[in-house]
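In my numbering, the protein residues as written are 3 to 70. Yeah, the Cβ is synthetic: ideal placement off N, Cα and C, and Gly gets one too. None of the values given here were measured: they were computed from a predicted structure.
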């Protein structure tokens, strides 16, 4: 697994996951529960992960969308 980015904005994160899914790339979000437990101040970012085999394509998709 490769970490693409860390983010505290759940709305933007959801959009990025959907963007990758549209490109046929399965993304996994880590640290969701930890982020929720700390409250709403956004101190703990969530990590957007993809399989190592999909990393180059995922980075390209995010760059084309202006997100990387």
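Supposed close pair residue i, residue j - CB separation, criterion 8 Å
| i | j | result |
| --- | --- | --- |
| residue 27 | residue 60 | 5 Å |
| residue 57 | residue 4 | 4 Å |
| residue 24 | residue 49 | Not really, about 20 Å apart at Cβ, beyond 8 Å. |
Beta-carbon proximity list for residue i, same chain, < 8 Å, skipping 5 on both sides
| i | result |
| --- | --- |
| residue 70 | 6, 7, 61, 64 |
| residue 19 | 29, 31, 50 |
| residue 54 | 3, 4 |
| residue 47 | 8, 9, 10, 33, 37 |
Cβ pair residue i, residue j closer than 9 Å
| i | j | result |
| --- | --- | --- |
| residue 31 | residue 21 | no |
| residue 52 | residue 29 | yes |
Reference residue i; option with closest CA among the options
| i | options | result |
| --- | --- | --- |
| residue 45 | 36, 17, 53 | 36 |
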